[in-house]
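So the structure is just underneath, and the comments pick up after that.
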Amino acid sequence: MNARAVTVSEEYLASLEHGADWREEIEEFCARKDIDSAWFNAMGAVQDAEIWFYDQDTQEYQSVTFDEPLEVAACVGNVALLDGEPFAHTHAVLSRPSGQTLAGHLNAGTVFAGELYLRAFEEPLEREHDDVTDLDLWL
Amino acid sequence: MNARAVTVSEEYLASLEHGADWREEIEEFCARKDIDSAWFNAMGAVQDAEIWFYDQDTQEYQSVTFDEPLEVAACVGNVALLDGEPFAHTHAVLSRPSGQTLAGHLNAGTVFAGELYLRAFEEPLEREHDDVTDLDLWL
Amino acid sequence: MNARAVTVSEEYLASLEHGADWREEIEEFCARKDIDSAWFNAMGAVQDAEIWFYDQDTQEYQSVTFDEPLEVAACVGNVALLDGEPFAHTHAVLSRPSGQTLAGHLNAGTVFAGELYLRAFEEPLEREHDDVTDLDLWL
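Chains as they are written, first to last, in our numbering: chain A, 2 to 140; chain B, 2 to 140; chain C, 2 to 140.
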């Protein structure tokens, strides 16, 4: 495990804007506040969602879109620089009225309501290409 | 995104009481400690669960009850004042022996065992009625 | 609720090693750094997973193994001493290409890629046998 001790610069509570994109909301906030690295948790609901699954064999993302209202039961993510811009790597667990659950890498989702807790760090994180997984990873 | 920098007043580790209600345990602790705002994570297991789903069209909650033992695979939530009392807005991801997963807004659940990490903030949060979603939101 | 105020000794961002075991990675890091108590969040993907469900009646763990690539949509856990060694109590929400979700107590899983945020505390946590649940609990 490759680990780095980090120091918090600031921590925030935020509400995501109704009708905006869930991930872009976080990235725009970080760009505006010059946040280059962060860890976050969130919860709420979306009006739709685009979930990605990384195919470990072909090393390509597969996409599934759900055009329906969903609860965001849990959202875990982090912010790092990707090509010089803050990228919010966002995973989410979503649910339907029956409690049935969908989850994965959240590429996009239209916010119905969202509550966010974000810790920004002093030390910048930068994503770089990793040959083994063909993903952009940090550290 | 509407964000506010916050300062931690205290952080806690806690074990929830066997047989108590998951959400009430958190709210009673916050009332006792005068905590008006917090973010938390938790995990454990419940003996049953009542999950709510917010219908974005009718703007009413729908309820589903699971009268069976479930793992709490992940629980994310926050505490804010609602009508002057600490309200723990609690989302949870639950699972069955097969790994099958259920998730949503956790209104109630009887604790089998629960482990909680909670960060209390200096700045109070207060839920107020939001006209767009007909929910009580903070910030 | 049995709660204890805690003080952070250090917080870390880490990437888990491709091919290693998800839980062992966290435990070995804590052993190396003399971390006796911590709370963590993580996300990423595994190549396989062994999920446990605690049967509340028989008080025995049941195990299910998934020998397939899965996203780690959310991972919540904590570290405490168990028989003198750091034990990472790890819950995870996993997902398939369709978004279908599996969750529970993550006993083992081969890391494809993993991103971790861990807060280590000054105060040690120690798991001890609890008669009511027949689990090893802390506090």
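C-beta atoms are modelled at their ideal positions from N, C-alpha and C, and glycine is treated no differently. Predicted model, so just to flag it, every value in this text is computed and none were measured.
Query	Result
Selection from A:Ala-32, A:Ile-52, A:Gly-100 and A:Leu-136 that minimises the alpha carbon distance to His-92 of chain A	A:Ile-52
Positions along the stretch 116–134 of chain C whose CB lies within less than 7 Å of some CB in chain A	Glu-116 and Tyr-118
Closer than 8 Å to chain C by CB, Phe-113 of chain A	no
Residue closest to Thr-134 of chain B, alpha-carbon to alpha-carbon, out of B:Tyr-62, B:Ile-36 and B:Leu-14	B:Tyr-62
Exposure label - Gly-85 of chain B; buried when at least 16 CB within 10 Å	exposed
C-beta neighbour in chain B for Ala-46 of chain C, strict 8 Å	no
Other residues of its chain near Pro-87 of chain A: CB distance less than 6 Å, five sequence neighbours each side excluded	Glu-28, Cys-31, Ala-32 and Val-80
Test item: CB-CB of Ala-75 of chain C and Val-94 of chain B under 8 Å	yes
6 Å CB neighbourhood of Leu-138 of chain A in its chain, flanking five on each side removed	Asp-131
Any chain B beta carbon closer than 8 Å to Phe-88 of chain C	no
Beta carbon proximity, Val-80 of chain C to chain A, threshold 8 Å	no
Anticipated Cβ contact below 8 Å, Thr-111 of chain C with Val-47 of chain C, distance rounded	6 Å
Residues near Trp-40 of chain B by beta carbon distance below 6 Å, same chain, minus five either side	Asn-79 and Arg-120
Beta-carbon separation (whole angstroms), Leu-82 of chain A vs Arg-128 of chain A, contact threshold 8 Å	7 Å
Inter-residue Cα distance where the pair is Glu-182 of chain A and Thr-59 of chain C	Nothing can be reported for residue 182 of chain A, as the shown portion of chain A is limited to 2 through 140.
Closest Cα partner of Tyr-55 of chain C within the set B:Glu-18, B:Ala-89 and B:Pro-98	B:Pro-98
With 16 other Cβ atoms within 10 Å as the buried cut-off, status of Ser-64 of chain C	exposed
Alpha-carbon spacing of Phe-67 of chain B relative to Ala-104 of chain A, whole angstroms	21 Å
Own chain, CB closer than 7 Å to Ala-21 of chain B, minus 5 neighbours either side, in chain order	Val-112
Extent of the continuous beta strand (DSSP E) run through Trp-53 of chain C	39–56
Whether Glu-124 of chain B touches Ala-43 of chain B by CB criterion (8 Å)	no
8 Å Cβ shell around Ser-96 of chain A - same chain, five flanking residues per side excluded	Leu-71, Glu-72, Ala-74, Thr-102 and Leu-103
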